[in-house]
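Colleague: Just passing along the structure, written as structure tokens.
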């Protein structure tokens, strides 16, 4: 009696390769990676990112994004001016096992500088011009009234008060 034995090999999922973050000037970053297994063997990816310190507007709350198995990159928002973020990528296989890759990235945003095209938008130009014109109109009316308005001499003012 001969029985064939089925040999099952347990393959532990491997973390992704070459996890990297490319920062953009607008405060976002593109997280990219090379899958460690075939797409058919991955259930989904999960990106978890957070800042290590709560300063300069940094986001210390853990943000999580679930990403399809076919993906090899995702864009995330990094809040704050000068923050060190931890970006963790967890890949889950078809039976729910996971593997983790992690990277730290220093996010240094420069303070936004006013751009000419924004400054020349209609609201940004019309409102200051209207305020200047209103001020000039008020000054003109005041000067005109000072010249043409009759002034009351002290004698007439006393008589006026005596009637009241």
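Residue numbers (the numbering used here): 7 to 170.
No residue lacks a Cβ here, since even glycine has one placed at the ideal position from N, Cα and C.
Considering only their Cβ atoms, is the gap separating residue 92 from residue 136 smaller than 9 Å?
Modeller: For the purposes of this step, residue 136 is taken as residue 130 along the chain shown, with counting starting at 1. For the purposes of this step, residue 92 is taken as residue 86 along the chain shown, with counting starting at 1. Their beta carbons are not under 9 Å apart, which means residue 136 does not touch residue 92 by this criterion.
Colleague: How would you write the range of the beta strand (DSSP E) that residue 58 sits in, first residue to last?
Modeller: Mapped onto the chain shown, residue 58 falls at position 52. Residue 58 -> no beta strand (DSSP E), and no H or E assigned at all.
Colleague: Rounded to the nearest angstrom, what separates residue 21 and residue 131 at their Cα positions?
Modeller: Taking the first residue of the chain shown as 1, we reach residue 21 at position 15. Taking the first residue of the chain shown as 1, we reach residue 131 at position 125. Using only the alpha carbons, I get a separation of about 54 Å.
Colleague: Excluding sequence positions up to five away, which residues of its chain have a Cβ less than 8 Å from the Cβ of residue 145?
Modeller: Within the chain shown, residue 145 is the residue found at index 139, counting from 1. Around residue 145: no qualifying Cβ.
Colleague: Nearest to residue 44 by alpha carbon, out of 148, 149, 98 and 141?
Modeller: Residue numbering aside, residue 44 sits at position 38 when the chain shown is read from its first letter. It is 98 whose Cα lies nearest to the Cα of residue 44.
Colleague: So is residue 95 buried or exposed if we call it buried at 16+ other beta carbons inside 10 Å?
Modeller: What you label residue 95 is simply residue 89 of the chain shown in a count that begins at 1. Residue 95 comes out buried.
Colleague: Name, in chain order, the residues that DSSP records as bridge partners for residue 165.
Modeller: Counted from its first residue, the chain shown places residue 165 at position 159. DSSP output for residue 165 lists no bridge partner at all.
Colleague: DSSP three-state label for residue 78, please.
Modeller: Translated into positions along the chain shown, residue 78 becomes position 72. Reduced to three states, the DSSP call for residue 78 is coil.
Colleague: Would you report the Cα separation of residue 106 and residue 129, rounded to the nearest angstrom?
Modeller: Locating residue 106 in the chain shown gives position 100, counting from the first residue. Locating residue 129 in the chain shown gives position 123, counting from the first residue. Near 49 Å, if we compare the C-alpha coordinates of residue 129 and residue 106.
Colleague: Around the Cβ of residue 142, are there at least 16 other Cβ atoms within 10 angstroms (buried) or fewer (exposed)?
Modeller: Here residue 142 refers to the residue found at position 136 when the chain shown is read from its first residue. The residue is exposed, with fewer than 16 neighbouring Cβ atoms inside 10 Å.
Colleague: Compare the Cα-Cα distances from residue 75 to each of 63, 83 and 51 and report the closest residue.
Modeller: Taking the chain shown and counting its residues from 1, one reaches residue 75 at position 69. Comparing Cα-Cα distances from residue 75 to each of 63, 83 and 51, the minimum goes to 51.
Colleague: Can you tell me which of the three DSSP states residue 47 falls into?
Modeller: For this step, residue 47 is matched to residue 41 along the chain shown. Residue 47: helix per DSSP, three-state reduction.
Colleague: Taking the C-alpha atoms as reference points, what is the distance between residue 81 and residue 34?
Modeller: Here residue 81 corresponds to residue number 75 of the chain shown, with the count starting at 1. Here residue 34 corresponds to residue number 28 of the chain shown, with the count starting at 1. Looking at the two C-alpha atoms, the distance is approximately 7 Å.
Colleague: What's the C-alpha gap between residue 86 and residue 26?
Modeller: For the purposes of this step, residue 86 is taken as residue 80 along the chain shown, with counting starting at 1. For the purposes of this step, residue 26 is taken as residue 20 along the chain shown, with counting starting at 1. Cα-Cα distance, rounded: 20 Å.
Colleague: In or out: residue 84 buried (at least 16 other Cβ within 10 Å) or exposed?
Modeller: Here residue 84 corresponds to residue number 78 of the chain shown, with the count starting at 1. Answer is buried; the Cβ neighbour count reaches 16.
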